[in-house]
Amino acid sequence: MDTTVLTSLRTLLKGDKAHAKQVIVNLSEDASALRQEIEGEMLKRYGFKWDIWTGFHAAPSMSHLHLHVLSADLHSERMKSKKHYNSFHPKVGFFLDINEVLSWFDAEDSYFNSMAKLEPKPYEALLKEDLACFYCGSSMKNIPALKAHLEEELDKLATREKNKAERKRKFEEKHAGKEEALEVSNPKRLKGDLEYIESQ
Numbered sequence: 050m051d052t053t054v055l056t057s058l059r060t061l062l063k064g065d066k067a068h069a070k071q072v073i074v075n076l077s078e079d080a081s082a083l084r085q086e087i088e089g090e091m092l093k094r095y096g097f098k099w100d101i102w103t104g105f106h107a108a109p110s111m112s113h114l115h116l117h118v119l120s121a122d123l124h125s126e127r128m129k130s131k132k133h134y135n136s137f138h139p140k141v142g143f144f145l146d147i148n149e150v151l152s153w154f155d156a157e158d159s160y161f162n163s164m165a166k167l168e169p170k171p172y173e174a175l176l177k178e179d180l181a182c183f184y185c186g187s188s189m190k191n192i193p194a195l196k197a198h199l200e201e202e203l204d205k206l207a208t209r210e211k212n213k214a215e216r217k218r219k220f221e222e223k224h225a226g227k228e229e230a231l232e233v234s235n236p237k238r239l240k241g242d243l244e245y246i247e248s249q
């Protein structure tokens, strides 16, 4: 196999289309297992879980194909510059979600070919976009202000998720003894009530 096709997503997509799709599917499967590990660690350490993003940089700085799997908080101490933050911001366009890339293979050939070009210059320009919170879209003047804001947003998310888990626990505790009777009289009711609580 010609290993030069694994230099980047761009070089992979320029090669054999079926092979490119299989490589990305394999990466997706590996990432899925890793996501489960990360979610388990989140629950163990923080008592709740939040989104995990999986994707490619459209114009990567390293010259080998690699996939990013990261928790969606973006306020790590390693996040030190606007360029770095924007490279992972889910709405800027530089970070390409793996499912989006996989969807290109099912589109018309013309669309696939257009997306697969991945010309670096237009993507690199996206890194110069103004800083903005990926949760609410608020503009931020600098990285310290952004990180403080993201910390607040994550704290709000933690409160919501923990409250939701507590409501679910109380509901299950309250209805544990009634489940058998509900199964006989109305089997869908308990399930529907529980789904409603989880959606809040």
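For the sequence shown, the working numbering gives the first residue as 50, with consecutive numbering after it. Backbone N, C-alpha and C fix where the C-beta goes; we use that ideal spot for every residue, glycine too.
Inset, instruction - For the beta strand (DSSP E) containing W102, list its first residue and its last residue. - result: Counting along the chain, the beta strand (DSSP E) containing W102 begins and ends at 101-106.
Legend entry - Other residues of its chain near E202: CB distance less than 8 Å, five sequence neighbours each side excluded: Around E202: C182, Y184, C185.
Inset, instruction - Identify whether S187 lies in helix, strand or coil by the three-state DSSP scheme. - result: Three-state DSSP puts S187 in coil, outside helix and strand.
Inset, instruction - Would you mind reading off the limits of the beta strand (DSSP E) that contains F161? - result: From DSSP, F161 is part of no beta strand (DSSP E) but of the alpha helix (DSSP H) over 158-165.
Inset, instruction - Determine the direct distance from the alpha carbon of N162 to that of R94, and round the result to whole angstroms. - result: Between R94 and N162, the C-alpha separation is close to 44 Å.
Inset, instruction - Kindly indicate the opening and closing residues of the beta strand (DSSP E) around T180. - result: Checking the sequence shown, residue 180 turns out to be Leu, not Thr. Here L180 belongs to no beta strand (DSSP E), and DSSP marks it neither H nor E.
Inset, instruction - Assign L145 to one of three DSSP states: helix, strand, or coil. - result: In the three-state DSSP reduction, L145 falls in the strand class (E or B).
Inset, instruction - Taking H133 as part of the beta strand (DSSP E), name the residues at either end of that continuous run. - result: Per DSSP, H133 belongs to no beta strand (DSSP E); it is in the alpha helix (DSSP H), 131-137.
Legend entry - Residue-level contact to chain C via CB, A156, 7 Å cutoff: No chain C is present in this structure, which holds just one protein chain.
Inset, instruction - Just the C-alpha distance for D155 and L119, rounded to the nearest angstrom, thanks. - result: Straight-line Cα distance between these residues: approximately 26 Å.
Inset, instruction - Would you list the residues sitting across from H117 in a DSSP beta bridge? - result: G104, per the DSSP bridge assignment.
Inset, instruction - Grab me the residues of Y245's own chain with a C-beta within less than 6 Å of its C-beta, minus the 5 sequence neighbours each way, in chain order. - result: For Y245, the predicted model reports a pLDDT of 49, less than 50, meaning its position is unreliable; a value from the coordinates is still stated below. Excluding residues up to 5 positions away in sequence, nothing lies with its Cβ nearer than 6 Å to the Cβ of Y245 in the same chain.
Inset, instruction - Could you tell me if Y160 is buried or exposed, where buried requires 16 or more neighbouring beta carbons within 10 angstroms of its beta carbon? - result: Result: exposed.
Legend entry - Buried/exposed call for V74, threshold 16 Cβ in 10 Å: The residue is exposed, with fewer than 16 neighbouring Cβ atoms inside 10 Å.
Inset, instruction - Closer than 8 Å by C-beta to D146: which residues in its own chain qualify, once you throw out the five before and the five after it? Chain order, please. - result: W102, T103, G104, P139.
Inset, instruction - Please determine, among D100, G96, S125, the residue with the shortest C-alpha to C-alpha distance to E200. - result: Taking only the C-alpha atoms, the option nearest E200 is S125.
Inset, instruction - With DSSP as the reference, label G64 as helix, strand or coil. - result: For G64, the three-state secondary structure derived from DSSP is coil.
Inset, instruction - Measure the Cβ-Cβ separation of V150 and E178 and say whether it is below 7 Å. - result: Their beta carbons are not under 7 Å apart, which means V150 does not touch E178 by this criterion.
Inset, instruction - Work out the CA separation of F97 and K211 for me, nearest whole Å. - result: A direct Cα-Cα distance of roughly 6 Å separates K211 from F97.
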